[in-house]
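Colleague:
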Amino acid sequence: MNSVSGGAGELREPPAAGSPTPRSAAGPPGSVAPGERGALRIADRVVAKIAAQAAREALGPLPPDVAPPHAMVAVHHDAAHIHIHLDLAYPCDVGGRCRAVRRQVEERVAALVGMRVPEVAVRVERLHRVPAHGAVQGRTR
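The sequence shown begins at 992 in the working numbering and counts up one residue at a time.
(1) The beta strand (DSSP E) spanning residue 1079 covers which residue range?
(2) Is residue 1050 helix, strand or coil when you go by DSSP?
(3) Strictly by DSSP, which residues pair up with residue 1114?
(4) Just to confirm before moving on: does the CB-CB distance between residue 1042 and residue 1062 stay below 8 Å?
(5) By the three-class DSSP mapping on this structure, what secondary structure does residue 1032 have?
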């Protein structure tokens, strides 16, 4: 099988299996070997958007008057420290909902960004009273 080189239009034979590949044959002249390239830096705000979306996924549909989750992120040495601020409909299992958010945020950020997530702090800003299905609407004392 033949391959076309980087833009010159010439055909060359691929190296035989087990033979050492010269550095210039790995890519166009002057290219850098993969192990010697720079690093990819993902901005904190990108990680924050991913974390906020993961929190929304964990919470499911929210009532219309409940604000969507908001995330703040600090990245240090490939580890994301995440703070999620959210509102919850009440009554609900607040601790259970926070655990679900924490777990989903850890999993999604680790899977999509490849960072360790040693901390996910969840802060419930407000509890929005939502009447039970079929409950009589009226004044609450």
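For every residue, glycine included, the Cβ atom is placed at its ideal position computed from N, Cα and C.
Modeller: In brief:
(1) Within the sequence shown, the letter at position 88 stands for residue 1079. According to the DSSP assignment, residue 1079 belongs to the beta strand (DSSP E) that extends over 1070-1081.
(2) What you label residue 1050 is simply residue 59 of the sequence shown in a count that begins at 1. Look at residue 1050 here: in three-state DSSP terms it is helix.
(3) Reading the sequence shown from its first residue, position 123 is the one you call residue 1114. 1076.
(4) The residue given as residue 1042 occupies position 51 in the sequence shown. The residue given as residue 1062 occupies position 71 in the sequence shown. Contact flag set, yes.
(5) Sequence index remark: in the sequence shown, residue 1032 carries index 41 (1-based). If DSSP states are grouped into helix, strand and coil, residue 1032 belongs with coil.
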